[in-house]
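**Q** Taken in order, these protein sequences are the chains called Y and A. Start counting the first sequence at 1; every next residue gets the next number (the working numbering). Start counting the second sequence at 1; every next residue gets the next number (the working numbering).
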Amino acid sequence: MAAHLSYGRVNLNILREAARKELREFLDKCAGTKAIVWDEYLTGPFGLIAQYSLLKEHEVDKMFTLKAGRVPPADVKNIIFFVRPRLELMDIIAENVLSEDKQQLREFHILFVPRRSLLCEQRLKEQGVLGCFTNIDEYILDLIPYDGDLLSMESETAFRECYLENDQTSLFHTAKGLMTLQALYGTIPQIFGKGECARHVANMMLRMKREFGGSQSQILPVFDTLLLLDRNVDLLTPLATQLTYEGLIDEIYGITNASDVFFDNLTVEQEFMTGVDTDKVNTYIEDCIAQKDPLIKILRLVCMQSVCNNGLKQKVLDHYKREILQTYGYEHILTLTNLEKAGLLKPQTTTRNNYPTIRKTLKLWMEDANEQNPNDISYVYSGYAPLSVRLAQVLARPGWRSIEEVLKMLPGPHFEERQQLPTGLHKKRQQGENRTTLVFFLGGVTYAEIAALRFLSQMEDSGTEYIIATTKLLNGTSWIRSLMDRPDNQS
Amino acid sequence: MAFVTANWNPLGEAFYRKTELYEMGWNLKDGLRDCLFAAAPYGGPIALLKEPLRRSPSARPLMEIYSSSGVSMASFLWKSGVVKQLGWTVSDDLLCIQEDGTVLVYDMFGNFKKHFSMGSEVVQNQVLEAKVFHSPYGTGIAIVTGTFRFTLATNIDDLKLRRLPEVPGLQGLPSCWAVLTQDRQSKVLLASGADLFILDNTVCTAVAPPGLSPQATSIVHMAVSFSYKYLALFTDSGHVWMGTSNLRDKLSEVETKIRAPPKQMAWCRRPKSQQPSVVIMWDQQLLVAGQCKESIQFKQMTVQVLIDRLVYRKLYPLAIEICRYLKTPEYQGVSRVLKHWACCKVQQKEEADDVIARAICVKLGETAGISYSEIATKAYECGRTELAIKLLEFEPRSGEQVPLLLKMKRSQLALSKAIESGDTDLVYTVVSYLKNEMNRGDFFMTLRNQPVALSLYRQFCKHQEQDTLKDLFNQDDDHQELGNFYVRASYKERRLEARIGLLQSAVDEYYKAKNEFSAKVTEEEMRLLRVQRKLEEEKGEHLVGFSLHDTLSSLLAVGLHKQAEQLYKDFRVPDKRYWWLKLTALAEKEDWEELEKFGKSKKSPIGYLPFVEVCVKHHNKYEARKYVSKVTPEQKVKAHLAVGDLEGAADAAIERRSEAEISTVLSRCSPTTDRALVERLNRARATAAKK
Numbered sequence: 001m002a003a004h005l006s007y008g009r010v011n012l013n014i015l016r017e018a019a020r021k022e023l024r025e026f027l028d029k030c031a032g033t034k035a036i037v038w039d040e041y042l043t044g045p046f047g048l049i050a051q052y053s054l055l056k057e058h059e060v061d062k063m064f065t066l067k068a069g070r071v072p073p074a075d076v077k078n079i080i081f082f083v084r085p086r087l088e089l090m091d092i093i094a095e096n097v098l099s100e101d102k103q104q105l106r107e108f109h110i111l112f113v114p115r116r117s118l119l120c121e122q123r124l125k126e127q128g129v130l131g132c133f134t135n136i137d138e139y140i141l142d143l144i145p146y147d148g149d150l151l152s153m154e155s156e157t158a159f160r161e162c163y164l165e166n167d168q169t170s171l172f173h174t175a176k177g178l179m180t181l182q183a184l185y186g187t188i189p190q191i192f193g194k195g196e197c198a199r200h201v202a203n204m205m206l207r208m209k210r211e212f213g214g215s216q217s218q219i220l221p222v223f224d225t226l227l228l229l230d231r232n233v234d235l236l237t238p239l240a241t242q243l244t245y246e247g248l249i250d251e252i253y254g255i256t257n258a259s260d261v262f263f264d265n266l267t268v269e270q271e272f273m274t275g276v277d278t279d280k281v282n283t284y285i286e287d288c289i290a291q292k293d294p295l296i297k298i299l300r301l302v303c304m305q306s307v308c309n310n311g312l313k314q315k316v317l318d319h320y321k322r323e324i325l326q327t328y329g330y331e332h333i334l335t336l337t338n339l340e341k342a343g344l345l346k347p348q349t350t351t352r353n354n355y356p357t358i359r360k361t362l363k364l365w366m367e368d369a370n371e372q373n374p375n376d377i378s379y380v381y382s383g384y385a386p387l388s389v390r391l392a393q394v395l396a397r398p399g400w401r402s403i404e405e406v407l408k409m410l411p412g413p414h415f416e417e418r419q420q421l422p423t424g425l426h427k428k429r430q431q432g433e434n435r436t437t438l439v440f441f442l443g444g445v446t447y448a449e450i451a452a453l454r455f456l457s458q459m460e461d462s463g464t465e466y467i468i469a470t471t472k473l474l475n476g477t478s479w480i481r482s483l484m485d486r487p488d489n490q491s
Numbered sequence: 001m002a003f004v005t006a007n008w009n010p011l012g013e014a015f016y017r018k019t020e021l022y023e024m025g026w027n028l029k030d031g032l033r034d035c036l037f038a039a040a041p042y043g044g045p046i047a048l049l050k051e052p053l054r055r056s057p058s059a060r061p062l063m064e065i066y067s068s069s070g071v072s073m074a075s076f077l078w079k080s081g082v083v084k085q086l087g088w089t090v091s092d093d094l095l096c097i098q099e100d101g102t103v104l105v106y107d108m109f110g111n112f113k114k115h116f117s118m119g120s121e122v123v124q125n126q127v128l129e130a131k132v133f134h135s136p137y138g139t140g141i142a143i144v145t146g147t148f149r150f151t152l153a154t155n156i157d158d159l160k161l162r163r164l165p166e167v168p169g170l171q172g173l174p175s176c177w178a179v180l181t182q183d184r185q186s187k188v189l190l191a192s193g194a195d196l197f198i199l200d201n202t203v204c205t206a207v208a209p210p211g212l213s214p215q216a217t218s219i220v221h222m223a224v225s226f227s228y229k230y231l232a233l234f235t236d237s238g239h240v241w242m243g244t245s246n247l248r249d250k251l252s253e254v255e256t257k258i259r260a261p262p263k264q265m266a267w268c269r270r271p272k273s274q275q276p277s278v279v280i281m282w283d284q285q286l287l288v289a290g291q292c293k294e295s296i297q298f299k300q301m302t303v304q305v306l307i308d309r310l311v312y313r314k315l316y317p318l319a320i321e322i323c324r325y326l327k328t329p330e331y332q333g334v335s336r337v338l339k340h341w342a343c344c345k346v347q348q349k350e351e352a353d354d355v356i357a358r359a360i361c362v363k364l365g366e367t368a369g370i371s372y373s374e375i376a377t378k379a380y381e382c383g384r385t386e387l388a389i390k391l392l393e394f395e396p397r398s399g400e401q402v403p404l405l406l407k408m409k410r411s412q413l414a415l416s417k418a419i420e421s422g423d424t425d426l427v428y429t430v431v432s433y434l435k436n437e438m439n440r441g442d443f444f445m446t447l448r449n450q451p452v453a454l455s456l457y458r459q460f461c462k463h464q465e466q467d468t469l470k471d472l473f474n475q476d477d478d479h480q481e482l483g484n485f486y487v488r489a490s491y492k493e494r495r496l497e498a499r500i501g502l503l504q505s506a507v508d509e510y511y512k513a514k515n516e517f518s519a520k521v522t523e524e525e526m527r528l529l530r531v532q533r534k535l536e537e538e539k540g541e542h543l544v545g546f547s548l549h550d551t552l553s554s555l556l557a558v559g560l561h562k563q564a565e566q567l568y569k570d571f572r573v574p575d576k577r578y579w580w581l582k583l584t585a586l587a588e589k590e591d592w593e594e595l596e597k598f599g600k601s602k603k604s605p606i607g608y609l610p611f612v613e614v615c616v617k618h619h620n621k622y623e624a625r626k627y628v629s630k631v632t633p634e635q636k637v638k639a640h641l642a643v644g645d646l647e648g649a650a651d652a653a654i655e656r657r658s659e660a661e662i663s664t665v666l667s668r669c670s671p672t673t674d675r676a677l678v679e680r681l682n683r684a685r686a687t688a689a690k691k
């Protein structure tokens, strides 16, 4: 069993068990032996919910990957497609069904994850196969327990969809996921947020609560506060190299950089974060381009400089862009456009650079970071305290009112909402009892940010324990990669 | 006192008596002779179809519906086809299964609700026998056709027909059959002579009841208990076999000494004993066979069912009273009753839309969990579109309003409601509906006013309809996106001229978008493609599609220095980058002579440490040493260390009096072999520290 999920402040195993129960119920609906045909993208998330043994207990004898053509032969009564609601996948399923040997008499089913889609069913209808399915169902898997204090939606594309494509599907799923969470752990009385996406999610949650009407949760609230944070409120943190153990593993895994190079890189990052020469073309970056170092590394550094300088002078920006295009290929112009759309790369406008003010007010740079015996969250980036986590920390004490000015400089609205609890469910806090806050990172979170929040939970006088939720765990590399546009699939 | 026992009759060791609970209100002259009839479970209504085979138009059979106490609730002439079987659903709807496989559904007041078919195959082969059964999944129907094949639907509200496999050797109707629910699946148990089979979705399995009397040559009647747990079989030898329905255990067997097949056989519970028993009825005889050892509780009639019953009978105030008394949660109780009431209300044709809408709003108000969209759907189904729209306005869940609004062709409203709900799938659905419904111009215009829908549609087009995407950008004069569109298209184009053509279109758009940078670099890209093609033709080197950097590296790798030089100048590659590039390319080629020439050609804009490091990287320390002396003082230590010259590094560090550099050199020294050097460095470090 998933014991590691049960020992935290909040027993996340309840959520996992609820998800497992639903899965078993669906499998039992398709009586007899079965084969699952997987949308490859889903195997990871499902691995966190159920091992093969659970599937096997419910007569799953075979597993295949969803591919064009026909479903491989298997002596089973049922073929179940586990898929995300995507049109391109519907076309593959239709092909599978239509090329099935009519003698076989296997029954077809679809399980949509995380939600059924009318659009997809319409596509199946157009392809003439909608009637071939005995069961079409949905498996609502929004928030997946990842660790004792960590939930992830495992949605790699959420940031890109929200900030580049203006597609808020993942936010709808977020709101739904939070409703499920509240059904299991009680209504969260206070909601704070910063950013456009945060506002949108909060609005949907409040609307859904109204729509549910009378079915008020009668559970004593486990969470005191929900903090919704847009990733674009803090674009800097994921760009920096994470210096915690897990963060380093995440960053360096598979890369055999000489340590010199690694430290040169860190030095430049730290210069940017402390505001040294952020308005000039950086020689180290130029040299890295000249040596054709990995493109993502270059993009990370240039974006970081841009964020720390609140945009680059047009001349500097154009120079970098030209260097990149000549070295890595002109097709990356689309990637550069994407980074500009997402705000990671931008020309400096007339407004002054706010970053130094933000850095000073929120104490983002701590000269005397003690990595052996940390006394501040800045140890996770060797001196830099993640902005996102500082926002959570200030919210807990002394409150956001103290940083009103800085909040206004960061993108998107900040807000507070209260959800009424039925009388009798108001918590009577014991002396010295910690508050529990759920911090939801919309668009992704890094291991270092998680480490910083865990550090805050453990600090004796912090008074708050944190549970972390996110659309996806990310690092600078995976994040930048998700924003790239690769017409020829070349990196 | 003698009278107390007067009406008790002996039955084996036990006694029974008949008690009349109430008198039936009906007046049936001919009894139930020549009638098809069905009684709903839990004392629900009773349906009678008299003389079902009388088919001439002048004399149609009469369908009658009675309450369980015999009060007439409805009666009408049967004008459809030949009915083979009547049955009731769990929600008190009457099912009339016709010979041609059509099933007609009526409510208990005789109002027609809908019809469906048990499959096209049945039309030809006809239904010979049918049974209605109940399971946790709802009400189901099983039929046997003229080809002696079974078709089964487990839940008529979610109709999925399953044609069960053939029974080997079955040449006529089975002698008897029943439907079982086992392992979450509905199956048919059938007897053909002495053989017993279980039919599930895919296989026909022969089974044998354990310990069945060998005298039996045919099973003539069977009965399954209400819970599907027990089975009773009556044989032509007059034996009653009782056991579990999975046919694993026999509970008992009784010899009745009556060989005639019974009219009816059913499971019941004997008072006091709490043991399930089988009651068998012939024309004039009754027999109770018991001995089951297990005790089970039947609690099928829940409060839910009770409230449903009242609602179906339109006894709304009573239902609400009961809900309040039992403190049933609102959304299961009062809300549900009110919804039914409202659905009934919208059908009152004599009342005006306004009046009904107001009446419903007043009564339902803010009651939690009311689905106004369901009520509105009902109104729409009764042809009252205006009333439906009025009612929908009360629906708090915008998502719920969408399907009905679409059905009523209020697509613009449906779009705003879908957007309001935040459910993007719903937005997509409305958009694809609008796309089919409207002409292109209006469709684009509608999207233009709804940015959320527009972005989603763009996403859709990006993956599915590239041409439409272009039209969308054109309509909005979005030149930047059009430029990007052509660039993206150019990478899919294999033919060079076409590719350059697309890039030219991109350049034009970028200029229109006043994005000079993008226009200029795209022009540069076109220029590069042309140069690459020319060089390919002249030199036979594969170059088209390479980046400028890779093109230069390739040229240098094959010794086309002049051509590389020309490109470097034409494309205004910064000196620093070109020097790095050429240095790397020559070292890669191990063209040390050319490298040395290059290093001396002019003062290196990147200094000489890169020369040292690149040579070392290619394992040529000999060449590397040539450049150490040219390295700037700040990088000297690093250069000496790179070529493995500890002495040189030490000299440089000491000369610079840099504590940090001295320490770096020290860290590379071995305390045994470099003793003298270590001492020297330590002394120098002490001096440097004093400063």
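Heads up, the beta-carbon is just placed ideally off N, CA and C, and yes, glycines get one too. Since the model is a prediction, treat every value here as computed from it, not as a measurement.
So S416 of chain A and I370 of chain A are in contact, right, with Cβ under 8 Å, and what is the actual spacing, rounded?
**A** So it is not a contact: roughly 22 Å between Cβ atoms.
**Q** Does the beta carbon of D167 of chain Y sit closer than 8 Å to a beta carbon anywhere in chain A?
**A** Closer than 8 Å to some Cβ of chain A, the Cβ of D167 of chain Y qualifies, so yes.
**Q** Considering only residues of the same chain and omitting the five flanking positions on each side of T274 of chain Y, which have a CB-CB separation below 6 Å?
**A** Taken in chain order, the residues that qualify are W365.
**Q** In the stretch 306 to 340 of chain A, which residues sit with their C-beta less than 8 Å from some C-beta in chain Y, listed in chain order?
**A** The stretch 306 to 340 of chain A vs chain Y, Cβ under 8 Å: P329, E330, Y331, S335.
**Q** Using a Cβ cut-off of 8 Å (strictly closer), state whether T496 of chain Y contacts chain A.
**A** Here chain Y covers residues 1 to 491 and nothing more, so residue 496 of chain Y does not appear.
**Q** Mind checking S186 of chain A: buried by the 16 CB within 10 Å criterion, or exposed?
**A** Classification for S186 of chain A: buried.
**Q** Excluding five sequence neighbours on each side, which residues of the same chain lie with their C-beta closer than 8 Å to the C-beta of L392 of chain A?
**A** Hits under 8 Å: Y372, S373, A376, Q401, L404, L405.
**Q** Whole angstroms are fine: how far does the CA of I249 of chain Y sit from the CA of I255 of chain Y?
**A** Because the pLDDT of I255 of chain Y is 49, which lies under 50, any placement of that residue in the model is unreliable, and the question is left without a value.
**Q** Residues of chain A with CB closer than 8 Å to the CB of E88 of chain Y, please, in chain order.
**A** In chain order: H463.
**Q** Quick one: list the residues of chain A neighbouring L334 of chain Y, beta-carbon separation under 8 Å, in chain order.
**A** Result: N484, V487, R488.
**Q** Let me check one thing: in DSSP terms, what residues is L111 of chain Y bridge-paired to?
**A** DSSP, once it has assigned bridges, lists Y:F82, Y:D137 as partnering L111 of chain Y.
**Q** Do you know offhand how far V628 of chain A's Cα is from L595 of chain A's?
**A** Approximately 15 Å between the Cα atoms of the pair.
**Q** Within the same chain, show all residues whose beta-carbon is closer than 6 Å to that of R162 of chain A, passing over the 5 residues directly before and after it, in chain order.
**A** Here the set comprises L152, N201.
**Q** Taking only beta-carbon positions, decide if F508 of chain Y is within less than 8 Å of chain A.
**A** No answer is possible for residue 508 of chain Y: it lies beyond the span of chain Y, which begins at 1 and ends at 491.
**Q** Taking 8 Å as the cut-off, decide whether the C-beta atoms of A653 of chain A and V614 of chain A are in contact.
**A** No, they are not a contact pair.
**Q** Measure the beta-carbon distance from K113 of chain A to D107 of chain A and round it to whole angstroms, keeping in mind my assumption that it falls under 8 Å.
**A** So it is a contact: roughly 6 Å between Cβ atoms.
**Q** For R20 of chain Y, I'd like the list of residues in its chain whose CB is within less than 7 Å of its CB, leaving aside the five on either flank, ordered along the chain.
**A** I49, A50, L54.
**Q** Please name the residues in the stretch 329 to 356 of chain Y whose beta-carbon is closer than 8 Å to at least one beta-carbon of chain A, in chain order.
**A** Flagged, chain order: G329, Y330, E331, I333, L334, T337.
**Q** Out of curiosity, what's the CA-to-CA distance linking R499 of chain A and A519 of chain A?
**A** Distance between the alpha carbons of R499 of chain A and A519 of chain A: 16 Å.
**Q** Entirely within the stretch 164 to 206 of chain Y and at least 4 residues each: give me those alpha helix (DSSP H) ranges in chain order.
**A** Within the stretch 164 to 206 of chain Y, the complete alpha helix (DSSP H) runs of at least 4 residues are 169 to 185.
**Q** Would DSSP call I249 of chain Y helix, strand or coil?
**A** Helix, per DSSP.
**Q** Does any residue of chain Y have a CB that is nearer than 8 Å to the CB of F473 of chain A?
**A** Chain Y, which has no Cβ nearer than 8 Å to the Cβ of F473 of chain A, makes this no.
**Q** Would you kindly report the start and end of the unbroken alpha helix (DSSP H) that includes I156 of chain A?
**A** Element bounds for I156 of chain A: n/a, residue is neither H nor E.
**Q** Is the CB of S53 of chain Y under 8 Å away from at least one CB in chain A?
**A** No, S53 of chain Y does not count as interfacial toward chain A.
**Q** Are L552 of chain A and L567 of chain A touching if we call contact CB-CB under 8 Å?
**A** Yes, these two residues count as a Cβ contact at 8 Å.
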